[in-house]
Amino acid sequence: MSEQTNPVLTFKDFQSDQEVRWCPGCDDYIILRAMLKALPEMGRKKEDFVFVSGIGCSSRFPYYVGTYGIHGIHGRAAAIATGVKLANPELSVWVMTGDGDAMAIGGNHFIHLIRRNINIKIVMFNNEIYGLTKGQFSPTSLIGQKTYTSPYGNIQPPFNPGQLTIGSSGKYFARVPGNDPKMMEELFVKAEKFKGTASIEVLQNCVIFNDGAFEEITNKETESENQIRIEHGKKMIFGKNKDKGLILKGFKLEVVNIGENGITEDDILVHDAHEADPTLHLMLVRLQNPVVMGEIRRIEETSYDEVYVERMESVAKKSPFKNLDEMFFSGDTYVVE
Amino acid sequence: MKGNEALAEAAILAGCDGYFGYPITPQSEIMEYLMAEQPMHRTGMVVLQAESEIASINMVYGGAGAGKRVMTSSSSPGISLMQEGISYLAGAELPCVIVNVVRGGPGLGTIQPAQSDYFQSVKGGGHGDYKMITLAPFSVQEMADFVALGFDLAFKYRIPVMILSDGAIGQMMEKVVLPVQRPRWTEQEIREMSPWATVGRTKDRHNNIITSLNLKSDVQEEHNRQLQAKYKTIIENEVRYEESYCEDAEVILIAYGTSARICQKAVDIARHQGIKLGLLRPISLFPFPEAALIKYAEKVKGFLSVEMSAGQMVEDIRLVVEGKTKVAHYGRMGGIVPTTDEIIENVKNLIN
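Chains P and S are the protein sequences, given in the same order. Take 1 as the starting number for the first sequence in the numbering used here and just add one per residue. Take 1001 as the starting number for the second sequence in the numbering used here and just add one per residue.
Below is the structure:
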């Protein structure tokens, strides 16, 4: 497959003829727009893409992209996508899912897809609520969060999707705010190039049932103080005046002010997304203030589908038969008359 | 009250010990009502939102094994997920109540009401030779009444009981007379009435293992025979149905749930038009009101099964009637309900 021969595609080529039906003001529109802009940049043919979803607001995504797609079963998108990818390893397979779909009912398939490291991209719209069934708590809802099934405050502790990804021996995890289409677009393109399971968490605001869940993190006024955007090989610096940074103090990350207490830029940690040891990556996904955005972990290893294809080919080479007919007509054969 | 809310309140009043569920339209109000009502403070009843329907039914499995009155509710796709657990509950002979507020399928289908889960409920959606007592409410009142009835039957026969409702009954509002509060059973009461329950092995109890496994074929066959004998007793004693205008009817409509509500109206209209139409409403779908059908099969020109499905209960009617009279089916699908005009038109076709 030569990428040079692929035609130049545009945003419009990936638009679908379906009417987009999310609530007005939903971050899902931003994610869709970012994806439609990212797809032409990936340099692949339109027919190479498949979008697979389960159930939930996020799962309407395949209707809104002008590629092939599967609107599947609640929680099972990861398993369905596995089938799609192994049936045709050449495809670029995207799982569009939410916190309910991927973390609750689909938790099992989610961790096993990541464990196998199949070259599939997961985009999880995390709004910390069940939106489509109208406002029940989800596995990422916070303790104390009031929902229709926790009117006096949620008592179930939440999953951290990044921690779950790394805990499942995940090789790739990135986080992005749902109100930043540019960062999303760049991340989607980067993730597509990654050979293995890429787990991307989008902090997505649900305007109806959990409005403002990420307000402090994503608000334009406060975002530079409350989030840190990290890049491989660069210093972990943030703040409106780029005067804050992360250092490792003992076994914990600590926020420091550059220029105070003798701290200089040289003391600030450099992000190594390629470090196989997940210790620091785990600290980064768990950090509450600032919340870490960007490619936190990216370990290039052989993906399951690569090994699978190689194994099929090597076994086929060793086989004394080239096809079924050869096998049928080998050895003792006789004709029934 | 809404049908779903009446059922939820009735669960608290029935002395239910635990509810385990997962949100799905059109029955999320059941868990939402329970969470808002906080039965923990009224009776000590536990309400838990699980991570999936599979988790819900297995929490029911655990609670039922401990001899508690436990229940779950869902709608069609979620009930499909529970089938493995239901088969195991039936095999292990555990009592519980499962509520299905049916929506149209197959697959994700629609969130609108349907009656296309009849086969799944009465023929066994899970594997193996088993039955569930299946009760079909046709009003908000029955949504409330069938919870306590369901628990009574479940414990009387150590069997899972399905309340097979639909999206229309679950969502509609009617006046309802709620039952008085039943106390939850004490640990001592459970110990005395359920010697099979895993309530902690004290000196006076056997080491109960809840299981549905019998590796020896003869033991399994004997277990199957006992189950079948139990189902026969249920068929003999627990048939429930309601009939109206059947005595002199030329044609009898057979319908349950929402379809029965529409058929009631169709009977009124037909009688005004001089058509001798009756309605036989099965309340228990398993056990099926076979004797009543056989009684009228000799007298009528035909039965018309009205269902919000492609025709599922009609197969059981044909099995019972054995060709003694004409059996026709009229149904709508995809969340569409049959109209009285359509029903009467089909009755006229049957007569001619």
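By construction, the Cβ of each residue, glycine as well, lies at the ideal position given by its N, Cα and C atoms. Nothing here was measured: the structure is a model prediction, and the numbers come from that model.
Taking the Cβ atoms as the reference, T1072 (chain S) lies roughly 5 Å from S1056 (chain S), within the contact range of under 8 Å.
As computed with DSSP, N1100 (chain S) is found in a beta bridge with S:S1074, S:L1164. Taking the C-beta atoms as reference points, A1050 (chain S) is found nearer than 8 Å to Y1022 (chain S). A distance of 8 Å or more separates the beta carbons of S1194 (chain S) and V1239 (chain S). In the structure shown, R76 (chain P) adopts coil according to DSSP, grouped into three states. For P177 (chain P), the uninterrupted beta strand (DSSP E) segment begins and ends at 172–177.
Distance from the CA atom of G54 (chain P) to the CA atom of P1106 (chain S), rounded to whole angstroms, is 16 Å.
For Q136 (chain P), the neighbours in chain S by C-beta distance under 8 Å run, in chain order, P1023, S1028, M1031, E1032, Q1049. Judged by DSSP secondary structure, R21 (chain P) falls outside any beta strand (DSSP E); it is assigned neither H nor E.
Between the alpha carbons of D1204 (chain S) and E1192 (chain S) lies a distance of about 11 Å. Looking from the CA of M293 (chain P), the closest CA among P:E223, P:E265, P:P89 belongs to P:E223.
Listed by position along chain S, the residues whose Cβ is nearer than 9 Å to that of P151 (chain P) are E1032, M1035, A1036, Q1038. Less than 8 Å divides the Cβ of V1251 (chain S) from the Cβ of V1300 (chain S).
Taking each of S:I1344, S:A1168, S:G1085, S:A1197 in turn and checking the Cα distance to H1272 (chain S), the smallest one comes out for S:I1344.
Among the residues facing chain P, P1077 (chain S) is included, as its CB has a counterpart in that chain under 8 Å away.
Inclusion of S141 (chain P) and I122 (chain P) in the CB contact set at 8 Å is not warranted, their separation being larger than that value. R60 (chain P) has no beta-bridge partner at all, per DSSP.
Of all residues in the segment 67–93 of chain P, the ones placed with a Cβ closer than 8 Å to any Cβ belonging to chain S are H71, I73, H74, G75, in chain order. The beta carbon of T1110 (chain S) sits closer than 8 Å to the beta carbons of R1103, G1104, G1334, G1335 from its chain, once the five residues preceding and following it are set aside; these are given in chain order.
Within the DSSP secondary-structure output, L1304 (chain S) pairs in a beta bridge with S:L1253, S:A1328. Judged by DSSP in its simplified three-state form, E221 (chain P) adopts coil rather than helix or strand. Within chain S, the residues P1023, I1024, T1025, S1028 have their CB atoms less than 7 Å from the CB of T133 (chain P), given in chain order. Here the C-alpha atom of A174 (chain P) lies approximately 15 Å from the C-alpha atom of M96 (chain P).
Taking all protein chains in view, the Cβ of Y1296 (chain S) is crowded by 16 or more other Cβ atoms within 10 Å, so the residue is classified as buried. Sorting P:S150, P:G167, P:C57 by C-alpha distance to the C-alpha of V207 (chain P) places P:C57 at the top.
When Cβ-Cβ separations below 8 Å define contact, L1007 (chain S) makes no contact with chain P.
With distances taken between CA atoms, R1069 (chain S) lies nearest to S:R1158 out of S:V1327, S:R1158, S:V1176. Chain-ordered listing is empty here: chain S has no CB closer than 9 Å to the CB of Y172 (chain P), the nearest sitting near 24 Å.
Taking 8 Å as the upper bound for CB-CB distance, R21 (chain P) and Q163 (chain P) are not in contact here, some 33 Å apart. Counting along the chain, no beta strand (DSSP E) covers K146 (chain P), and no H or E run does either. When rounded, the separation of the alpha-carbon atoms in Q1115 (chain S) and T1025 (chain S) is 15 Å. Between V52 (chain P) and A77 (chain P), the C-beta spacing is below 8 Å. When DSSP states are grouped into helix, strand and coil, T1340 (chain S) belongs to the helix group. N1214 (chain S) and H1223 (chain S) do touch by the CB rule: their CB atoms are close to 6 Å apart, below 8 Å.
Ranked by Cα distance from T1043 (chain S), the options S:G1063, S:D1017, S:I1054 are led by S:D1017.
With a beta-carbon spacing of about 15 Å, I1262 (chain S) and L1280 (chain S) fall beyond the 8 Å limit used to define contacts.
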